[in-house]
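Presented below is the structure to which this report refers.
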Amino acid sequence: MTEIIDGKGLAKKIRENLKKDVDELKEKGIFPKFAVILVGDDPASKIYIRNKNRACNEIGIEYEEHLLSSDTTMEELLDLIDTLNKDKTINGILLQSPLPDHLDINEALKKIDYKKDVDGFNPINVGKLSLGQDCFVSCTPYGIIKMLEEYKIPTEGKKAVIIGRSNIVGKPLIQCLLSKNATVTICHSKTKDIEKITKDADIIVAALGKSNFLKADMVKEGATVIDVGINRLENGKITGDVDFEEVSKKTSYITPVPGGVGPMTIAMLMNNIVKAAIDQNK
Ligand code: NAP
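Just so we're aligned, residue 1263 is where the sequence shown starts under my numbering, counting upward by one.
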């Protein structure tokens, strides 16, 4: 029997605990504050930042939004980041991606003070993660690790396969799983015979953005499957990267979409903002 990992429920529990932490910080005169920058009017990005705003309100984190027009110059964007870096009342900064094509996301992420980089995308945090040092871990991989821990799913000595090598999910997740003593393989669009690799895995993380990509015949009996994908179908329905109905007949543990990785990503962002507020007031 497969157990469905309740990311939504776990995320709620994490947010409730964070609310208590924030209440305690406020008693000490510390008021965690988060700033979001959105350039342009990508509809999906607007939904993402609305959800972050909601989570902040629920936990008691102050939220500030900077909505810039799509013709914003790189200089204007870097100036805003500089201002937010210097603002002592702001603990966390997030630059919502994607940016319009004329803007360089890497330059912008590099500009965010790594101590306020609650998304964990600044090269300093990326480097610290790979060195196993204290840092901001990017929120989706962090949420995946929390789910594995909560459900006591063993990682040590296990074969973990990640499909997708993006900077925000696949690559940081390699370090997270390595630090949990898994043997990690990463697949991408040029990987040959993916099904042979996944079929041997104890843990599979599908993070490629292709609806129903992972089929039951690619998964071994008793594996754990984590579905990161968020794919919007033409009929408006959201699906993951995993054929949930068939794959769940073989797994020990599986995450649903929606209600799995998505809510955990936001919960870990909130966790990082609270960590930033604590660290900056030490
Ligand atoms: P991305 O930047 O587009 O990267 C996709 C990765 O998948 C790339 O490494 C690509 O390989 C690989 N890939 C594409 N097609 C493949 C195939 N047929 N076989 C094997 N690998 C393939 O995507 P992302 O930003 O990481 O997001 C991935 C998915 O996760 C999306 O659906 C996104 O919406 C979702 N997501 C969800 C959350 C959440 O909180 N739930 C957070 C972030 C992302 P190459 O490198 O060779 O091109």
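For each residue, glycine too, the CB sits at the ideal point set by N, CA and C.
Might you give, ordered along the chain, the residues of its own chain that have their beta carbon closer than 8 Å to the beta carbon of residue i, omitting 5 neighbours on each side?
i	result
isoleucine 1386	Tyr1376, Asp1379 and Cys1397
glycine 1471	Gly1426, Gly1491, Ile1492, Asn1493 and Asp1503
lysine 1372	Asn1384 and Pro1385
isoleucine 1500	Ile1492, Asn1493, Arg1494, Val1519 and Pro1520
leucine 1329	Leu1300
glycine 1419	Asn1443, Ala1444 and Thr1445
lysine 1288	Gly1322
Under 8 Å between the Cβ atoms of residue i and residue j?
i	j	result
isoleucine 1292	alanine 1539	yes
isoleucine 1430	serine 1400	yes
alanine 1370	isoleucine 1407	no
valine 1523	isoleucine 1488	yes
alanine 1297	glutamate 1326	yes
aspartate 1462	lysine 1482	yes
serine 1514	leucine 1495	no
isoleucine 1459	cysteine 1449	yes
alanine 1478	glutamate 1457	no
methionine 1336	aspartate 1366	yes
tyrosine 1413	isoleucine 1528	no
lysine 1290	isoleucine 1352	no
threonine 1417	leucine 1439	yes
isoleucine 1535	isoleucine 1309	no
Check the DSSP bridge columns for residue i and list the partner residues they point to.
i	result
phenylalanine 1293	DSSP, once it has assigned bridges, lists no residue as partnering phenylalanine 1293.
tyrosine 1515	Glu1265 and Thr1486
glycine 1405	DSSP, once it has assigned bridges, lists no residue as partnering glycine 1405.
glutamate 1327	Val1298
asparagine 1493	Thr1501
threonine 1447	Val1423
isoleucine 1355	Ala1297 and Asp1379
alanine 1468	Ile1425 and Asp1489
leucine 1476	Val1504
Relative to the C-alpha of residue i, which residue among the options is closest?
i	options	result
valine 1446	Asp1455, Lys1421 and Asn1313	Lys1421
isoleucine 1415	Lys1314, Ala1444 and Lys1350	Ala1444
serine 1307	Cys1318, Leu1357 and Leu1346	Leu1357
phenylalanine 1475	His1364, Ser1451 and Thr1402	Ser1451
alanine 1428	Val1388, Glu1286 and Lys1275	Correcting the residue identity first, residue 1428 is serine in this sequence and not alanine. It is Val1388.
threonine 1402	Ala1469, Asn1319, Lys1275 and Leu1287	Ala1469
lysine 1546	Asp1541, Gly1498, Met1480 and Asn1497	This structure gives no information on residue 1546, because the portion of the chain shown stretches from 1263 to 1544.
valine 1339	Asn1368, Arg1316, Arg1312 and Ile1311	Looking at the sequence provided, one finds leucine at residue 1339 rather than valine. Leucine 1339 has its Cα closest to that of Asn1368, out of Asn1368, Arg1316, Arg1312 and Ile1311.
Identify, in the order they occur along the chain, each residue of the same chain with its Cβ nearer than 7 Å to the Cβ of residue i, setting aside the five sequence neighbours on each side.
i	result
proline 1362	Val1301, Gly1302 and Ser1332
isoleucine 1321	Arg1277, Leu1280, Lys1281, Val1284 and Met1532
glycine 1405	Val1523, Met1526, Thr1527, Ala1529 and Met1530
Around the C-beta of residue i, are 16 or more other C-beta atoms found within 10 angstroms, so that it is buried, or is it exposed?
i	result
serine 1510	buried
aspartate 1505	buried
asparagine 1543	exposed
methionine 1263	exposed
glutamine 1247	The chain is shown from 1263 up to 1544; residue 1247 falls before or after that span and cannot be answered.
aspartate 1381	buried
proline 1360	exposed
glycine 1354	buried
lysine 1350	exposed
lysine 1537	buried
threonine 1345	exposed
lysine 1314	buried
Report all residues from its chain with a CB closer than 6 Å to the CB of residue i; omit the five preceding and five following residues, and keep chain order.
i	result
proline 1525	Gly1269, Lys1270 and Ala1273
isoleucine 1424	Gly1432, Leu1435, Ile1448 and Val1467
cysteine 1318	Phe1296 and Tyr1325
asparagine 1347	Asp1375
aspartate 1390	Just to set this straight, residue 1390 is lysine in the shown sequence, not aspartate. So the list reads Cys1397, once near-sequence residues are dropped.
glycine 1498	none
glutamate 1411	none
For the ligand HEM, which residues have a Cβ under 5 Å from at least one heavy atom, in chain order?
As for the ligand HEM, it is missing from this structure, which binds only the ligand NAP.
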